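Residue numbers (my numbering), protein chains in the order written: chain A, 1 to 311; chain B, 1001 to 1311; chain C, 2001 to 2263; chain D, 3001 to 3263.
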Amino acid sequence: MNQLTPDLSVKLGPLELQNPVMTSSGTFGYGLEFDELVDLNLLGAIVVKGISLKPMTGNPPPRIVETPCGMLNAIGLANVGLEAFLKEKLPKLRKFRTKVIVNIYGHHIDEYAELASALKGVDGVAALEVNVSCPNVEQGGMAFGVDPDASARVTEQVRKSTDKPVIVKLSPNVTDIRIIAKAVESAGAHAVSLINTLTGMAIDIETRKPKLANIRGGLSGPAIKPVALHMVYQVANAVDIPVVGIGGIVDYRDALEFFIAGARAVEIGTANFVNPRATLDILEGITEYCQQKGIHHITDIMATLGSNLHI
Amino acid sequence: MNQLTPDLSVKLGPLELQNPVMTSSGTFGYGLEFDELVDLNLLGAIVVKGISLKPMTGNPPPRIVETPCGMLNAIGLANVGLEAFLKEKLPKLRKFRTKVIVNIYGHHIDEYAELASALKGVDGVAALEVNVSCPNVEQGGMAFGVDPDASARVTEQVRKSTDKPVIVKLSPNVTDIRIIAKAVESAGAHAVSLINTLTGMAIDIETRKPKLANIRGGLSGPAIKPVALHMVYQVANAVDIPVVGIGGIVDYRDALEFFIAGARAVEIGTANFVNPRATLDILEGITEYCQQKGIHHITDIMATLGSNLHI
Amino acid sequence: MKEQQLEIVFNRQINSNAWLMGLNAPEMAKSARPGQFVMIRVSRSMHPLLRRPFSICGTKDTLMLILYRVVGQGTAIMAHASHGQKFSVLGPLGRGFTFPDAEGSIVLVGGGIGVAPLFFLAQNLKKHRFLFMAGFGSADEIIPVGEVIGTQIDVSIATDDGSIGHKGPVTELLEKYIAGRDINKKAISLFTCGPKPMLKRIADMSKDQRFWCEVSLEASMACGVGACQGCAVKAASGKDKAYYHVCKDGPVFAITSIDWASY
Amino acid sequence: MKEQQLEIVFNRQINSNAWLMGLNAPEMAKSARPGQFVMIRVSRSMHPLLRRPFSICGTKDTLMLILYRVVGQGTAIMAHASHGQKFSVLGPLGRGFTFPDAEGSIVLVGGGIGVAPLFFLAQNLKKHRFLFMAGFGSADEIIPVGEVIGTQIDVSIATDDGSIGHKGPVTELLEKYIAGRDINKKAISLFTCGPKPMLKRIADMSKDQRFWCEVSLEASMACGVGACQGCAVKAASGKDKAYYHVCKDGPVFAITSIDWASY
Ligand SMILES: Cc1cc2nc3c(=O)[nH]c(=O)nc-3n(C[C@H](O)[C@H](O)[C@H](O)COP(=O)(O)OP(=O)(O)OC[C@H]3O[C@@H](n4cnc5c(N)ncnc54)[C@H](O)[C@@H]3O)c2cc1C
Ligand SMILES: Cc1cc2nc3c(=O)[nH]c(=O)nc-3n(C[C@H](O)[C@H](O)[C@H](O)COP(=O)(O)OP(=O)(O)OC[C@H]3O[C@@H](n4cnc5c(N)ncnc54)[C@H](O)[C@@H]3O)c2cc1C
Ligand SMILES: Cc1cc2nc3c(=O)[nH]c(=O)nc-3n(C[C@H](O)[C@H](O)[C@H](O)COP(=O)(O)O)c2cc1C
Ligand SMILES: Cc1cc2nc3c(=O)[nH]c(=O)nc-3n(C[C@H](O)[C@H](O)[C@H](O)COP(=O)(O)O)c2cc1C
Ligand code: FES
Ligand code: FES
């Protein structure tokens, strides 16, 4: 019997990916940390840890705490900074054929633009993911992400400063995420990715202190999947640009739910901690699903919720 | 050795409760369904299923689906309606010494007022909980809950129409829940309760249909606890009226986290399905905790986050 | 109705995909009636979260028997449980079968794991004569009644692949039975449980034939006690309710009570 | 570093609250170095979600040994696991102890379950003479080294309640040892692991005494491979980094590298 080899390639606007399974920022380091565990060449793309202009040391510990089917993190965007990223990390990443997407974070709009300019034309950077939604840093981040105008302005500035595809990463901590999505679409985003973490908290009842030194943190993992899936569905039906689904995806079935809801690609986050091979297991599962159902192109099942096609 | 008997009584504005552990609306029916399993007299209060003016049949099935450490429901406020509640349910509930709080839901502001008027002076109704946050009905509900002005207007109308304490139940599906909390505080709410469910979704990858006939539903259970706790902490620090904590509480430790964060009482929801005795187990656990720590009044640990008292 | 920690006395695989669990349940085994069910909490963790509903498929002294198919995470956990382990069980829940009228013919029609509540009914029909028809995918999926409830009962078997018995749906056995009879059809009492298509077919047949038929239904459940309104099934038009709740109004219903078009 | 499904060869309780698990791990047992750790996925469900980190406390042929205390949900699940069951294990992870200089005196100081990485170190110190001091709550909490790694080693014991050995913290044994010695203190190599107060005390002592000391630290972890930045500990002032990551830069650190005031 001839096994069908489904075509898993997808396009996020101008960005072409060999398959729609990427790693999510902050959960896969600079990719290299997983080199011994995962054949990085097989991934759709690697989204690296959020990079800021200057190195950031991050929040005091404890920075993570487990919650039911999830975790809270308050890393505080600890990262090596742009310079060290370009010098130490990127050259190693270039050895892989997998596309590298740089997640950028600025304290002000200008910093986003500066980061984008600095990455302009840099070889081995396939696209930018603009983090306007980090709940774990005092200024910037979240403040932009919950305000459609500010999100649009950041997007506009980044677009102006770069020749690379621009993906804007959205915060779920808003009343109507479609409004933000539409705002960044109008401002020129090539794609949106969602969701970043939900703001949450945990308390130690013995010490009566927050379990995170930062008091609050970002909730990720399977716990948030239903919320993420709903928002992806909402946004996919509100904008014309591609949507990247993120949030609680741990297996191929989760990934397929996001595709059916309208995601053009997915990012795998917390699952990497539970199962370092999660991305590859998901790719295998998606391939088998396509084979069983006779699906030739993964795009054929995308945004088919309720259409109930019999392909 | 003389065991300390901690005083668990609390006040929610004018409403006095023998203890701070209540059941949450929609998860404990009209209380009576649990009569064989739980000594209802021991509860802080029973919050009954949301009551509307006319009976509501609810959404088509499937109405519930399990998610990691949580569940989605799209009951659609199925309820017997005000008349049947007063005739068939309330007389039976009056036989218990536990206070009964009626959760009310209206399609328009007028309906909330009408419900409040109809319950004015009714014996055996200790307070009203105003649901401005149900994600599972088309009109009303959520629309009010995400708009501070509308929430305030509903609160005002209900206050005008009743002599009972008014608790307003808030939606977590907003950018800043403190704004809504402050709006209903100004409009005369005696207390706020939070959170109602987070909007979420699940998809069947075989049929490519939503797992809920209603497409979306409300996420509840342990999965949402970190989000709920954070919002309770935020609101408790933003308003002067008492806050009732709800969301993912399954054991006494969860309940204590909410107290420490600033909740004056808690409501137990989804946990009742997992462990029908959850409320009583939580009461026992709280009592033992107080005994071990030498806490005489449960109120002594409320809103003590970070104060790190050595009592 | 109680919530109790019940100990597993045995838990064994009885065919390619069905397992039989015996729980030591002196009280529940005594009070349970055929058609009732229990809700089992399969894990101490919060994932899976909700209790799983299972029909009681029989009792034996202080034992309560659960016949189950492994379909997902919860039932997989059950299949791995061993002697001595305890599960929190809530039950017995719901309304059982109406005890059949002694006069007419009694027919039990089960499909797949749907035989479970019918086995318990059969156990309680000792004094009555009855026919038992059961459909399975193929020979290796047959659930041997004797091995489950300890009493040998003649069962007419149908299999989808014809590997044993009649080839085709079990409803064809039922059709033949009814077609071959001349007597007043109302004197037939039918009790059934099984997959949707089978139930829909029987619902269709019962429209024409007007025999008395009770069906045990499934629905997603959260509370099991009528509190959450989660387990709704649409009532046939003309009924006093728009929806029934499977956990409280059922799981056994008169087949004519249900709106089969939307089931 | 690998992720492998490892089979439990044995898993037994060795005192009131400590358990010893032997995993069949030909590759990891061979490559692991004292001070390294593994991350164990204790459940197939998503609750508990994250892997749990454990020091390797020894090896024996193809066996990798894990000594653990039951403190919460994850370790309770481990304690219930039995022979033949498999766990997904990620490891060996992190940097181990620097192999001690052959010249000076070697002292191992463990507190409670903190003896685990030191047992593995002791196993590998065969050719060297060393002292082992261990503190426990009381006699019934003692973890017998011979039973764990199969080699008898003299251990000076301190207990909080004085039920055996010295009454008081194990650091008092260390203080006595150091006080009683006249030699060049820098020739002492200290290796330690245990509860915070013990480590802080030793950090204090090492400030004055200037002996060489390595400490194995704990932190909440998510990835275990240096990717998430979750396991930060504050570096002593003057270091080139603000924070170290316990999983990658450690878990073993020179005691002078850490900012003990904030630990
Ligand atoms: C009143 C009643 C009696 C039942 N009696 C039996 C019985 O005697 N033997 C038996 O094997 N099964 C019985 N079931 C079905 C049984 O409850 C489900 O198979 C079980 O809950 C699946 O759990 P899981 O975690 O293994 O699967 P999941 O991973 O939860 O789901 C796997 C599949 O099972 C379906 N499912 C999940 N929950 C339910 C549910 N509550 N009802 C129906 N389907 C569900 C899902 O849609 C999915 O397709 C009964 C159900 C009801 C409502
Ligand atoms: C590098 C390293 C090596 C370790 N080696 C051992 C060992 O050899 N033997 C042993 O028994 N324990 C060891 N631990 C601690 C062990 O990881 C925790 O006890 C375990 O994760 C608790 O899991 P739980 O689910 O039972 O408890 P939980 O329910 O998760 O928590 C119970 C308690 O344990 C604490 N805890 C949870 N996770 C961690 C963690 N990652 N690190 C420290 N404390 C935690 C919590 O704060 C809480 O107080 C080590 C930890 C690290 C970081
Ligand atoms: C430890 C950790 C660090 C993260 N760091 C970043 C970051 O630097 N930039 C960013 O945009 N998102 C960051 N995120 C968010 C994730 O990329 C992802 O959006 C979120 O975790 C939800 O996906 P998940 O449930 O699959 O983990 C981080 C998440 C975690 C858990
Ligand atoms: C099945 C179900 C029905 C509910 N019905 C109502 C309702 O009628 N009115 C209301 O205000 N909240 C309703 N809720 C929300 C709960 O009262 C509670 O706010 C929410 O479930 C979060 O708490 P939990 O995580 O403890 O369940 C319902 C929740 C569930 C699960
Ligand atoms: S399962 Fe809750 S009403 Fe039936
Ligand atoms: S645990 Fe992820 S960096 Fe250490």
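Where is the CB? At the ideal position from N, CA and C, for every residue including glycine. Treat the numbers as computed from the prediction; the structure is a model and nothing was measured.
List the whole-angstrom C-beta distance separating C/Ala2232 from B/Arg1063, where the pair is believed to meet the contact cut-off of C-beta under 8 Å. The beta-carbon distance between C/Ala2232 and B/Arg1063, rounded to whole angstroms, is 6 Å. This is short enough to meet the 8 Å contact definition.
Is the region 2005-2022 of chain C close to the region 2074-2087 of chain C, with three or more CB pairs under 8 Å? Contact between the region 2005-2022 of chain C and the region 2074-2087 of chain C is established, with three or more Cβ pairs separated by less than 8 Å.
According to the neighbour-count rule (16 or more other Cβ atoms, all chains shown, within 10 Å of its Cβ), is D/Arg3181 buried or exposed? Exposed, since its Cβ has fewer than 16 Cβ neighbours within 10 Å.
Got a sec: which bits of the region 3035-3069 of chain D sit with their beta carbon under 8 Å from any beta carbon on chain F, in order along the chain? Among the protein chains in the structure shown, which are A, B, C and D, there is no chain F.
Pairwise C-alpha distance: D/Gly3135 and B/Phe1294: The sequence given here has Gly at residue 1294 of chain B, not Phe. Taking the straight line joining both Cα atoms gives about 30 Å.
Closer than 8 Å by beta-carbon distance: list the chain D residues that pair up with A/Pro317, in chain order. One cannot answer for residue 317 of chain A here, as it falls past the ends of chain A, which runs 1 to 311.
Can you give me the Cβ contacts of B/Glu1267 inside the same chain, cut-off strictly under 7 Å, excluding the 5 residues immediately before and after it? So the qualifying residues of the chain are Met1022, Thr1023, Ser1024, Val1047, Ser1193, Val1244, Ile1246.
How about A/Met201: is its C-beta nearer than 8 Å to some C-beta of chain D? No, A/Met201 lies away from the interface with chain D (no Cβ there is under 8 Å from its Cβ).
Sufficient close CB pairs (3 or more, under 8 Å) joining the region 1191-1205 of chain B to the region 159-166 of chain A: In this structure the region 1191-1205 of chain B does not touch the region 159-166 of chain A; the number of beta carbon pairs closer than 8 Å is below three.
Determine, for A/Pro226, whether the minimum Cβ-Cβ distance to residues of chain C falls below 8 Å. No, no contact with chain C.
Cα-Cα, which of B/Phe1085, B/Gln1291, B/Gly1306, B/Ala1303 is closest to B/Pro1006? Nearest to B/Pro1006 by alpha-carbon distance, out of B/Phe1085, B/Gln1291, B/Gly1306, B/Ala1303, is B/Gln1291.
Going along chain C in order, which residues have a C-beta closer than 8 Å to the C-beta of B/Met1071? Those within 8 Å of B/Met1071 in chain C are Leu2049, Leu2050, Ala2222.
Straight-line gap, C/Ala2081 to C/Leu2020 (C-alpha atoms, nearest Å): Each residue's Cα considered, the two are about 11 Å apart.
Provide the residue span of the beta strand (DSSP E) that contains D/Thr3192, from first to last. Residues 3188-3193.
Over what stretch of residues does the beta strand (DSSP E) that includes C/Gln2004 continue unbroken? Per DSSP, C/Gln2004 belongs to the beta strand (DSSP E) from 2002-2013.
Using a Cβ cut-off of 8 Å (strictly closer), state whether A/His230 contacts chain B. Taking Cβ atoms only, chain B reaches closer than 8 Å to A/His230, which makes this a yes.
Spatial neighbours of D/Ile3113 in its chain, beta-carbon cut-off 6 Å, leaving aside the 5 residues before and after: Excluding positions up to five away in sequence, the list reads Arg3069.
Extract the residue ranges of the alpha helix (DSSP H) inside the region 1220-1246 of chain B, only unbroken runs of 4 or more that lie entirely within it. Qualifying alpha helix (DSSP H) stretches, in chain order: 1225-1236.
Would you identify the three-state DSSP class for A/Asn41, choosing helix, strand or coil? Helix.
When you compare the CB of B/Tyr1233 with every CB in chain A, is at least one pair closer than 8 Å? Chain A, which has a Cβ nearer than 8 Å to the Cβ of B/Tyr1233, makes this yes.
Boundaries of the beta strand (DSSP E) in which D/Lys3176 is found, first to last residue: Residue range 3170-3179 is occupied by the alpha helix (DSSP H) that includes D/Lys3176, with no beta strand (DSSP E) assigned at that position.
Under three-state DSSP, which class holds A/Thr287? If DSSP states are grouped into helix, strand and coil, A/Thr287 belongs with the helices.
Contact residues within the region 1166-1178 of chain B, judged by C-beta distance below 7 Å to chain A: Taken in chain order, the members of the region 1166-1178 of chain B whose beta-carbon sits within less than 7 Å of a beta-carbon on chain A are Asn1173, Val1174, Thr1175.
Does DSSP classify B/Lys1169 as helix, strand or coil? Here B/Lys1169 sits in strand by DSSP.
Measuring CA to CA, which of C/Met2064, C/Leu2067, C/Gln2073 is closest to B/Pro1068? Checked all of C/Met2064, C/Leu2067, C/Gln2073; the closest Cα to B/Pro1068 is C/Gln2073.
8 Å is my cut-off, CB to CB: does D/Leu3093 come that close to chain A? For D/Leu3093, the answer is no, since every Cβ of chain A falls outside 8 Å of its Cβ.
Option nearest A/Glu16 by Cα separation, candidates A/Asp251, A/Leu43, A/Leu37: Checked all of A/Asp251, A/Leu43, A/Leu37; the closest Cα to A/Glu16 is A/Leu43.
Based on the DSSP secondary-structure assignment, which residues constitute the bridge partners of C/His2166? DSSP lists C/Ala2158 as partners of C/His2166.
8 Å Cβ cut-off: residues of chain D touching A/Val274: For A/Val274, the chain D residues whose Cβ falls inside 8 Å of its Cβ are Arg3041, Met3046, Leu3049, Leu3050, Arg3051, in order along the chain.
Nearest to B/Lys1160 (by Cα), restricted to the options B/Phe1144, B/Glu1206, B/Ile1109: Residue B/Ile1109 is the option with its Cα nearest to B/Lys1160.
Could you work out which residue in A/Pro222, A/Met231, A/Lys182 is closest to A/Asp254 when comparing CA atoms only? Selected option, being the one with the closest Cα: A/Pro222.
Is there a Cβ from chain B that is less than 8 Å from the Cβ of A/Ala261? By this cut-off, A/Ala261 is an interface position.
If you follow the beta strand (DSSP E) that B/Thr1155 is in, where does it begin and where does it stop? No beta strand (DSSP E) holds B/Thr1155; the alpha helix (DSSP H) holding it covers 1148-1161.
Just how far apart, CA to CA, sit B/Thr1098 and B/Lys1054? Taken atom to atom, the span from the alpha-carbon of B/Thr1098 to that of B/Lys1054 is near 26 Å.
Just to confirm, are A/Tyr112 and A/Val154 a CB contact at a threshold of 8 Å? Yes.
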